[in-house]
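Sequential numbering of the sequence shown, starting at 337, is according to the working numbering. Glycine included, each C-beta is placed from N, C-alpha and C at the ideal position.
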Amino acid sequence: MKQRGRHRRQKRGQALRAFLAGTALALTAAATMISASQATVAANPGELKPLAAAETTPLRLKESLVPERTLDRLSSAMGRPVGVSAVLDSADRSLRDAIDCTAGERRALPVAPTATAAYCWDAADTRSWRAGAVTTSGDADDDGMWGTHRVILSAWSRTGPAAQDGGLARVAFVNADDLDRPTYSWALLAVPVDGGRDFRGLFSQVSGMVWYQNKLLVTASGDDGDALYVYDMNRVQRASVDSAAVGKVRGGWSAHGAQWVLPAVGSYRLTGDAGAARPDYLALDRTTTPDSLVASEWVSPGDEGGTRLWRYDFSGATDRAGLLATDAAGYARVHDAYVTKAAGSGPVLSYDSRWYLGRAADTEGDHGTLWRQTTTSSTARATRCGTDESRNCWSGESESLSYWEETGEVWSQSGRVLFALPLASIDRSLG
337 MKQRGRHRRQ KRGQALRAFL AGTALALTAA ATMISASQAT VAANPGELKP LAAAETTPLR
397 LKESLVPERT LDRLSSAMGR PVGVSAVLDS ADRSLRDAID CTAGERRALP VAPTATAAYC
457 WDAADTRSWR AGAVTTSGDA DDDGMWGTHR VILSAWSRTG PAAQDGGLAR VAFVNADDLD
517 RPTYSWALLA VPVDGGRDFR GLFSQVSGMV WYQNKLLVTA SGDDGDALYV YDMNRVQRAS
577 VDSAAVGKVR GGWSAHGAQW VLPAVGSYRL TGDAGAARPD YLALDRTTTP DSLVASEWVS
637 PGDEGGTRLW RYDFSGATDR AGLLATDAAG YARVHDAYVT KAAGSGPVLS YDSRWYLGRA
697 ADTEGDHGTL WRQTTTSSTA RATRCGTDES RNCWSGESES LSYWEETGEV WSQSGRVLFA
757 LPLASIDRSL G
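Okay, structure coming up:
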């Protein structure tokens with residue numbers, strides 16, 4: 337039985353890869369036809385320019401941890417916290433693989449290189465929500481596993497005005513043990529209030545998210561000065577009331593329809609220094625010593641001042657698992673930083689001194705550009721596709737690049753499509 341099951345999975349995988357290759361050919365043909373309308377492509381950004389140490393001071397962040405008594409008060413009221421396995425065990429929703437996606441959904445995939453895995457989210461389940469960042473158990477642990485599970489975390493933000501809960505953020509915990517049948521469950525990102533007697537929703541677009549050890553770091557986009565929020569993956573709380581409300585309600589606790597709640601255990605705040613920048617996009621780099629959190633800022637495509645890229649070291653202290661390294665004053669300081677001329681870039685990934693930057697299309701619905709830059713080469717490289725070697729080959733709405741080192745894959749999502757492709761294939765497609 338196991339042998340036949342393995343053969344079925346192999347055949348299904350071969351069929352899926354052939355299908356995705358056919359999809360890529362169709363997208364390539366489309367890219368060739370529309371490339372004339374996309375002739376205005378950002379100029380080659382060249383090499384990365386290092387920033388002087390003094391220029392990195394505004395990028396430091398001040399750590400603030402939620403008091404243990406606050407977290408204990410909340411868990412005492414909501415029930416004993418659980419971990420990732422309990423959330424995966426409750427997964428009651430399924431992703432569709434690429435074969436079952438609509439042609440419109442598949443248009444969000446990169447033209448080149450070809451995705452080797454792709455899944456689509458249910459339209460009804462994600463209506464009024466916008467896809468954000470992705471991170472995986474490949475970030476969390478260097479063996480690619482969390483306990484006995486392979487896990488993908490996918491962030492979503494609710495669209496619409498704040499008065500209608502616009503800006504709320506939630507995360508899908510995807511059980512990726514069997515990528516033929518990935519299932520998931522939702523957890524609402526929250527912030528404890530009133531000393532742990534209640535919680536509110538986190539309001540953020542979640543354009544950046546990294547799961548490192550037992551912590552989940554998430555970008556914040558509100559106006560309260562917080563740049564990153566920190567969540568403990570062993571402190572997941574169960575929502576006992578299924579309603580659109582958030583927080584304490586009659587009869588228990590509600591998480592806007594999600595089964596689970598992740599209450600923040602800390603945050604990193606902007607310093608208020610002139611030139612301070614909110615980290616808009618995040619990634620993990622395991623090729624540095626120690627492992628580091630990579631960040632970049634959003635700069636309008638028309639801004640000629642350049643976009644800053646920088647990194648913070650993770651702490652090596654046993655009692656600070658998953659937290660950033662801080663000095664005696666509680667500041668997380670920048671280890672190194674660079675500026676790129678690739679204005680308008682979004683998702684960022686750093687691996688072995690190579691920096692990958694995704695740039696959205698100038699026109700909504702078109703494909704974007706994926707650049708690779710270094711500090712040593714005066715010429716940046718971009719993925720190429722079509723008969724005219726267009727640079728408009730990358731997904732147009734991707735906000736995240738997450739490298740799963742154990743498998744060699746980069747995971748991202750765009751629109752309602754979650755996809756993966758080898759980092760090696762990205763490097764091969766660079767012109």
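Short of 6 Å from the beta carbon of Leu706, and not among the five residues preceding or following it, lie these beta carbons of its own chain, in chain order: Gly694, Thr719 and Trp730. Two segments are said to touch when three or more pairs of C-beta atoms, one from each, lie closer than 8 Å; by this definition the region 533-551 does not touch the region 448-460.
Beta-bridge partners of Cys729 (DSSP): none assigned. Across the structure, Val601 and Ser400 are spaced so that their CA atoms are roughly 9 Å apart. When DSSP states are grouped into helix, strand and coil, Ala619 belongs to the strand group.
Here the alpha carbons of Gly587 and Gly682 stand approximately 42 Å from one another. Here DSSP, grouped into helix, strand and coil, assigns Gly652 to coil. Per DSSP, Gly468 lies in no alpha helix (DSSP H) segment; the continuous beta strand (DSSP E) that holds it begins and ends at Trp465 to Thr472. In the structure shown, Leu759 adopts helical secondary structure according to DSSP, grouped into three states. DSSP places Val582 in the uninterrupted beta strand (DSSP E) bounded by Val582 to Val585. Non-local C-beta neighbours of Ser628 in its own chain, meaning closer than 7 Å and more than five positions away in sequence, comprise Asp621, Arg647, Tyr648, Asp649, Phe650 and His671, ordered along the chain.
Shown here for Gly680: same chain residues with a beta carbon closer than 6 Å to its own, the five before and five after excluded, namely Pro637 and Arg695 in chain order. If you compare the alpha carbons of Phe755, Gly611, Ser473 and Ala505 with that of Glu742, the shortest gap goes to Ser473. By the Cβ neighbour-count rule, Gln573 is buried, with 16 or more other Cβ atoms within 10 Å of its own.
Judged by beta-carbon spacing, Ser736 lies within the 8 Å limit of Ser748, meaning their Cβ atoms are closer than that value. With a cutoff of 8 Å on beta-carbon distance, Val597 and Ala523 are scored as near each other. Between Ser430 and Arg486, the C-beta gap is not smaller than 8 Å, which leaves the two residues out of contact. In the three-state reduction of the DSSP assignment, Glu742 falls in the coil class, being assigned neither a helical nor a strand state.
In the structure shown, Asp530 adopts helical secondary structure according to DSSP, grouped into three states. When only Cα atoms are considered, Asp478 and Gly583 end up about 35 Å apart. The Cβ atoms of Gly704 and Gly732 lie closer than 8 Å to each other. Proximity to Ser493 across Asp702, Asp461, Asp534 and Glu700 peaks at Asp461, based on C-alpha coordinates. Here the region 496-504 makes no contact with the region 417-428; the two share fewer than three CB pairs at distances below 8 Å. If you draw a straight line from the Cα of Ser579 to the Cα of Ser412, it is about 22 Å long. Taking 8 Å as the cut-off, the Cβ atoms of Leu538 and Tyr565 count as close. For the pair Glu441 and Leu515, the Cα-to-Cα distance works out to about 19 Å. Per the DSSP secondary-structure output, Pro599 pairs in a beta bridge with Ala526. Under the rule that a run must span 3 or more residues, the beta strand (DSSP E) segments found entirely inside the region 531-561 read 534-537, 545-548 and 551-555. If you compare the alpha carbons of Gly561, Ala673 and Thr625 with that of Gly652, the shortest gap goes to Thr625.
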